[in-house]
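For the sequence shown, the numbering used here puts the final residue at 439, and the numbers step up evenly by one.
Positions of the beta carbon are idealized from the N, C-alpha and C atoms, including for glycine.
Heads up: the structure comes next, in structure tokens.
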Amino acid sequence: MTIKIAIIGSGPSAFYSAQSILKLNQDCEIDIIDKLFSPFGLVRYGVAPDHQKTKNVIRVFERILALEQVEFFGDIEVGKNISIERLKLFYDAIIIATGMAIDRPLGIKGDNKQGCYGAAQFVGWYNGHPDYKDLNPILDSNTAVIIGNGNVAIDCARVLAKNKSEMASSDITEYSSNTIINSPIKKIYIIGRRGPLDAKFTTVEIREMGELQECESVLSEGTLSQIPQTQDLDNLGKQYKILTSFPESNSLNTSSRKAKTIEFKFYAKPLEVLGDDKVNGIRLEINRLNKKNNVIGTGETFELKAGLIITAIGYHGEKIDGIPFDEQSGKIINKENIVDNNLYTAGWIARGPTGVIGTNKHDGDRVAKGIAEKKFSENKKGRSNLKDFFSENKIKYINKLDWQNINEEEIKRANNGAPRKKFIDFDEIYKFINK
Ligand code: NAP
């Protein structure tokens, strides 16, 4: 019996799940459903446009998608175009792999002012995500503040700091590239609420910050003296060695200064975004370490003037009707990737927004094992039911062939060394595929 499987979401965890299922069970049909017109989720819209090597994993996913057993249904939102209940009637197993695409709110006064954006919005904007193409972030001041000490904060800072030639082989959208290149931003603060040795930056990412052509990376004055004496500085992880090798801002030789500066500022807790309707700064409280090495507020505050604030403090998942969801963590409630009988989940929506792309392989393996161990007896119709449902309800969608044509066109129409020029809105897509 051919097992009929629907995967909701088409990012890394969706494709690794499909890969693992196909390894264990050749006799299956897998339909990958996404609310966007394009597959690959985080790799297309989250990974930075200048990190094309990371995006190469798409080639693996393309080979999976090309298999006869696998089909794509793009521009289909589960919960809106079709319910989970109906999918359960059509499929033997359903895997929710929708990722986490909503910014965790900073939750301080003023964080809804114009000029303050979550990283999901800002990254979505420069990566051509249809939901954020009209964000038009205000980049009209000379200072930006990025809150958070993870790789997403680094990505945002790097994209703001690179010059045109450093971005030439990226697939950044033309509109955002022009806005960034023409912006007056010269100073970018990256703010951590804890110390440099608590930062979550990884080695490759932090190393890149020291190699920017027109931007110097520095630590705020006094950073190094704040590192606890108990730390064995000779045996730090590589990423911390690189980070702590950046000069402090006051020791920079002014004659060798580059046009832009990224300043890492630690032990600072955001208190309030300042300005009227529009951001003009941020007030922060100085944190310090107590005897147990926990950070505590000192009550002492300072302000940074800035016209742009980006929060990169983690993500939250989106609830789908009919799926048990933990509002606090933003995850689907699951036990080792199993939600209930025939319902599985994988990736960030299952375990939270951590890990690299390859981390999702483990989720895929567990889901595939769960499915392989099950005995399916009903002869469900899967794809043919789904297609009939869409045609009866006049719901249009992007299929695998459409996507392959879109992909080819994006590559064909790219110019000036860019690997592709992305389609950005749905009208443009439907016009192109003539549906
Ligand atoms: P992350 O690595 O979890 O970092 C989140 C940062 O936000 C932490 O420094 C955290 O500080 C801080 N934070 C949280 N709440 C805060 C608050 N209220 N005020 C101030 N700071 C706050 O998350 P991420 O950067 O979003 O990255 C998500 C995952 O994607 C990570 O696994 C990351 O490595 C991965 N990623 C990888 C790459 C790459 O490999 N190139 C690129 C992008 C993302 P605390 O530590 O104090 O909680």
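Subject >> When Ala310, Ile176, Asp115 are compared against tryptophan 129, the one with the closest alpha-carbon >> reply: Ile176
**OP:** Use the C-beta contact count for valine 51: other C-beta atoms within 10 angstroms, 16 or more gives buried, fewer gives exposed.
**Re:** buried
**OP:** Pull up the distance between the alpha-carbon of leucine 26 and that of histidine 366, whole angstroms please.
**Re:** 15 Å
**OP:** Round the Cβ separation of isoleucine 194 and alanine 101 to the nearest angstrom and send it over; I've been treating them as touching at under 8 Å.
**Re:** The pair is not a contact, with the Cβ atoms about 31 Å apart (cut-off 8 Å).
Original post:
Measuring from the CB of tyrosine 244, is there a heavy atom of ligand 1 at a distance below 7 Å?
Top reply: no
**OP:** Check whether the Cβ atoms of leucine 216 and lysine 166 sit closer than 8 Å, and answer yes or no.
**Re:** yes
Subject >> threonine 206: CB within 7 Å of a non-hydrogen atom of ligand 1 >> reply: yes
Original post:
How would you write the range of the beta strand (DSSP E) that lysine 264 sits in, first residue to last?
Top reply: 264-269
Original post:
Do the CB positions of valine 277 and isoleucine 286 come within less than 8 Å of each other?
Top reply: yes
Original post:
Just to confirm, does isoleucine 473 get its C-beta within under 7 Å of one of the non-hydrogen atoms of ligand 1?
Top reply: Outside the modelled stretch of the chain, which goes from 5 to 439, sits residue 473, for which no answer is possible.
Original post:
Under 8 Å between the Cβ atoms of phenylalanine 76 and asparagine 403?
Top reply: Taking C-beta atoms as the reference points, phenylalanine 76 and asparagine 403 count as a pair closer than 8 Å.
**OP:** For my contact list, leucine 91 and alanine 376 are in at a C-beta cut-off of 8 Å; report their separation, rounded to the angstrom.
**Re:** Not a contact, Cβ separation roughly 20 Å.
Original post:
Which residue's Cα is closest to the Cα of glutamate 81: Asp325, Arg292, Asn257?
Top reply: Asp325
**OP:** Determine the direct distance from the alpha carbon of serine 180 to that of glycine 111, and round the result to whole angstroms.
**Re:** Spanning the two alpha carbons is a distance of roughly 27 Å.
Original post:
For aspartate 96, is the classification buried or exposed, using 16 other Cβ atoms within 10 angstroms of its Cβ as the cut-off for buried?
Top reply: buried
Original post:
Which stretch, first to last residue, makes up the beta strand (DSSP E) that contains glutamate 414?
Top reply: Looking at the DSSP string, glutamate 414 is not in any beta strand (DSSP E); the run it does join, the alpha helix (DSSP H), is 404-416.
Original post:
Can you list the beta strand (DSSP E) stretches of 3 or more residues lying completely in the segment 177-237, in chain order?
Top reply: 191-195, 219-223
Subject >> Terminal residues of the beta strand (DSSP E) in which asparagine 291 lies >> reply: 283-293
Original post:
Using a threshold of 7 Å, is the CB atom of histidine 320 nearer than that to any non-hydrogen atom of ligand 1?
Top reply: no
Subject >> C-alpha gap between leucine 40 and alanine 272, whole angstroms >> reply: 38 Å
Original post:
Would the segment 133-153 and the segment 113-125 be scored as touching if the rule is three or more Cβ pairs under 8 Å?
Top reply: yes
Original post:
What are the start and end residues of the beta strand (DSSP E) that includes proline 274?
Top reply: 272-279
Original post:
Does the beta carbon of glutamate 89 fall short of 7 Å from some heavy atom of ligand 2?
Top reply: Ligand 2 is absent from the structure shown, which contains only ligand 1.
Subject >> For valine 74: DSSP bridge partner residues >> reply: Ile34
Original post:
Anyone know if the C-beta pair for isoleucine 184 and valine 156 falls short of 8 Å?
Top reply: Valine 156 sits away from isoleucine 184, with the two beta carbons spaced by 8 Å or more.
Original post:
Going by the C-beta, is alanine 101 closer than 7 Å to any heavy atom of ligand 1?
Top reply: no
Original post:
When the distance is taken between beta carbons, is glycine 386 closer than 8 Å to glutamate 33?
Top reply: yes
Original post:
Are there 16 or more other CB atoms within 10 angstroms of the CB of aspartate 115, so buried, or fewer, so exposed?
Top reply: The residue is buried, with at least 16 neighbouring Cβ atoms inside 10 Å.
Original post:
Taking just the CA atoms, how far does alanine 70 sit from alanine 22?
Top reply: Taking the straight line joining both Cα atoms gives about 12 Å.
**OP:** Kindly say whether proline 232, judged by its beta-carbon, lies nearer than 8 Å to any beta-carbon of chain D.
**Re:** No chain D is present in this structure, which holds just one protein chain.
Original post:
With respect to the alpha helix (DSSP H) encompassing threonine 349, which residues constitute its N-terminal and C-terminal limits?
Top reply: Where threonine 349 is concerned, there is no enclosing alpha helix (DSSP H), although the beta strand (DSSP E) it sits in stretches over 347-349.
Original post:
By DSSP, does lysine 379 sit in helix, in strand, or in coil?
Top reply: coil
Original post:
Among Lys8, Pro43, Asp369, which one has its Cα closest to the Cα of leucine 405?
Top reply: Pro43
**OP:** Check whether the Cβ atoms of threonine 305 and leucine 288 lie closer than 8 Å to each other.
**Re:** yes
**OP:** Taking only heavy atoms of ligand 1 into account, decide whether any of them is closer than 7 Å to the Cβ of proline 357.
**Re:** yes
Original post:
In the DSSP assignment, what are the bridge partners of alanine 97?
Top reply: Ile9.
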